Ligand SMILES: [Zn+2]
Ligand SMILES: [Zn+2]
Ligand SMILES: [Zn+2]
Ligand SMILES: [Zn+2]
Ligand SMILES: [Zn+2]
Ligand SMILES: [Zn+2]
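Chains as they are written, first to last, in the UniProt record's numbering: chain A, 1 to 265; chain B, 1 to 421.
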């Protein structure tokens, strides 16, 4: 497909990076068996290739400790036995690789297919990947690459919700996993240009509240270390992240500052 | 659109230089700077004695070194909460045409880009604008966290007249910066065109005053080095540079966008109380406290007083609580957990080992073998030992802030069954 002359790239030619979650821990307990899931996805990928002969697809698998690796390019699918699995799959690694690949497409010249990322995930978020995933999301936002996500797990994935919201992609949690193909083709098959004319699922609200570093509790007001921006739910004497010792208890810092401001002027 | 190569030769890898293209395209050939026309300088002799255009490797190295330098200082804490005044010189000297169309126009254009970049990198910081003309300093915009109002002020009326007064500007800025909370880093960035300063009193006193208030003053000169600016920067711990040409000016200004290393006694560590508002439901109607307009959906609710605000980060107009969202904080976390610089390796070393190692970049899968199957320069992550091409190296360190290799081999320590799935 890449051999086609690049002049033919119009605004509706897509490069779809599919990040497949093959975490055996999830799929062994899922209501939709993995083989069925794969056949849905394969049909979807083939339909993308049929939509435009210049469309390109790259699939990244992730699950095992040696996650990632470009296993499939275009149409050849090599099933890779997923050996040892780990509970939460490595979204950060495959997102990072996908973004590197997209940068290479950007470097290839002014005419290139429009890239987008589709995460097909089942396993739950791994909190230890938070910083890495956010870094990847901001980098995608900067290069204007939308991250679409289709989450197959039972609860919502806060990471994927944020990823899609920040980058302007679509987040979807299929109500009927058996009808996955239908969801995929109606929501994720259209190119970015045509999306403007469609009524795509709206975000049902994204939880932007932070969780404190000390108890991992979700809070709506808290204290921030002015040096390293760590979040705490109550006043501490010393920052546990960077070790700075805080001055006098400034429980109402903003109001005292106002008072000082007022008295100074 | 075909100046992608040119851009790389200039040593810039920016994603967003549309304005760059504009200027190059807008200039007639004879107006372009001489430096760009010295095409013979971009030639290089290869082993067989043929002349070839220089590849971007040497420039890459310069960049790499710059990054290494930045990385080595990154262990030092960064001043993440900054209060910055940008002082722009609109005296007569700013109308000179050695920069095209004029110094003033060029400065305004790059300050606009700088403001956007600044808020991208420092979401919790504030900027104010000050202009100097006719020997006096004026506040253009107050300290604030929204880029739009500043950009509007910069792109607005642009006139220049009279003399420049460094002392008046410093006095004005000092008065305002003295009031900010002690945890904030006080900074002044002066874009100075004039070659003199016309002051009402002793400027040395003012400089000492700034030093005492821990205000870090940096100057970017557009003409030539002046003693008083150098003295000011030395005393207050700022940077002083003279811009040689427009790309250089752009680089110098943008160098101030990443947070500077924090100097412990400059800002006192403190805990700041902040609110994390919830996004209002799509269909709810409320009057926002910032624009005083009734709006449907799209907004955030202050957790303390329940007032509606349109944008984050901001300070609640009603109760004064600082309101932010967790992604704003996350945007700064890469400064806390910086990625180590990669080591340069020669690929030939690996090829000797019976082709066992992959010869493609781990990030973008591009072959690491150059033209003619000659191994090209590449880098390896010291932690995960994966190989990367030079382009990915720059992208990983300057934008992504993740090593794809390390992230793919991360050892998860929690072997409990997934609660959600
Ligand atoms: Zn806590
Ligand atoms: Zn801290
Ligand atoms: Zn408003
Ligand atoms: Zn409030
Ligand atoms: Zn690469
Ligand atoms: Zn690594």
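Don't be surprised by glycine CBs; every beta carbon is placed ideally from N, CA and C.
These numbers come from a predicted model, not from an experiment.
In the displayed model, residue 43(A) falls within a helix according to three-state DSSP. Proximity to residue 132(B) across 161(B), 204(B) and 368(B) peaks at 161(B), based on C-alpha coordinates. Around the Cβ of residue 393(B), a 10 Å sphere holds 16 or more other Cβ atoms; the residue is buried.
Rounded to the nearest whole angstrom, the CA to CA distance from residue 99(B) to residue 331(B) is 35 angstroms. Closer than 7 angstroms to the CB of residue 135(A) there is at least one CB belonging to chain B. Listed by position along the chain, the residues with Cβ atoms less than 7 angstroms from a non-hydrogen atom of ligand 5 are 100(A), 104(A), 361(B), 363(B), 364(B), 366(B), 388(B), 389(B), 391(B) and 392(B).
With respect to the 7 angstroms criterion, residue 192(A) and residue 170(A) are not classified as neighbours on the basis of their beta carbons. Excluding sequence positions up to five before and after residue 52(A), its CB lies within less than 8 angstroms of the CB of 12, 13, 14 and 191, all in the same chain and listed in chain order. Not one heavy atom of ligand 3 falls within 6 angstroms of the beta-carbon of residue 305(B). Residue state for residue 340(B) is assigned as coil, using DSSP reduced to three classes. Looking from the CA of residue 130(A), the closest CA among 226(A), 213(A), 99(A) and 29(A) belongs to 213(A). Exclusion of the five residues before and after residue 226(B) leaves 195 as the residues of its chain whose Cβ lies within less than 7 angstroms of its Cβ.
Beyond the five residues adjoining it in sequence on each side, residue 245(A) comes within less than 6 angstroms, by CB distance, of 238 in the same chain, given in chain order. Non-local beta-carbon contacts of residue 122(A) in its own chain, meaning distances under 7 angstroms to residues more than five positions away in sequence, involve 21, 23, 26, 27, 30, 152 and 153 in chain order. With contacts defined as CB atoms closer than 7 angstroms, residue 289(B) and residue 307(B) qualify as a contacting pair. Against chain B, the CB of residue 159(A) has no partner CB under 7 angstroms away; the residue lies outside that interface. With contacts defined as CB atoms closer than 7 angstroms, residue 103(A) and residue 120(B) fail to qualify as a contacting pair. The DSSP assignment places complete alpha helix (DSSP H) segments of no fewer than 4 residues inside the stretch 94-148 of chain A at 130-142, in order along the chain.
Neighbours of residue 364(B) in chain A, taken as residues whose beta carbon is under 7 angstroms from its own, are 100, 101, 103 and 104 in chain order.
Counting every other CB atom within 10 Å of its CB across the protein chains shown gives residue 259(B) a total of 16 or more, marking it as buried. Distances from the CA of residue 187(A) to each of 39(A), 47(A), 218(A) and 54(A) were compared; the closest alpha carbon is that of 47(A).
Under a 10 Å Cβ-count criterion, residue 217(A) is classified as exposed, with fewer than 16 other Cβ atoms of the shown protein chains found around its own Cβ. Per DSSP, the unbroken alpha helix (DSSP H) holding residue 116(B) starts and ends at 103-121.
In this structure the stretch 377-385 of chain B does not touch the stretch 308-322 of chain B; the number of beta carbon pairs closer than 8 angstroms is below three.
Within chain A, the C-beta atoms nearer than 8 angstroms to that of residue 329(B) come from 210, 224, 229 and 231, in chain order. Note on geometry: alpha-carbon atoms of residue 194(A) and residue 172(A) lie some 18 angstroms from one another. Cβ atoms of residue 199(B) and residue 222(B) stay farther apart than 8 angstroms, at about 20 angstroms. With respect to chain B, the C-beta atom of residue 163(A) has no partner C-beta closer than 7 angstroms.
Residue state for residue 187(B) is assigned as strand, using DSSP reduced to three classes. Listed along chain B, no residue sits closer than 7 angstroms to residue 168(A) by beta-carbon distance, the nearest being about 14 angstroms off. Contact between residue 117(B) and residue 286(B) is absent: CB atoms are separated by about 33 angstroms, not below the 8 angstroms threshold. Of all residues in the stretch 16-37 of chain A, those with a C-beta nearer than 7 angstroms to a C-beta of chain B are 25, 26 and 29, reading in chain order. Residues of chain A whose Cβ lies closer than 8 angstroms to the Cβ of residue 80(B) are, in chain order, 226, 227, 228 and 229. Sorting 142(A), 57(A), 180(A) and 135(A) by C-alpha distance to the C-alpha of residue 35(A) places 180(A) at the top. Spatial neighbours of residue 146(A) in its own chain (CB-CB distance under 6 angstroms, excluding positions within 5 residues in sequence) are listed in chain order as 116, 167, 168 and 169. Classified as buried, residue 41(A) has 16 or more neighbouring CB atoms from the shown chains inside 10 Å of its CB.
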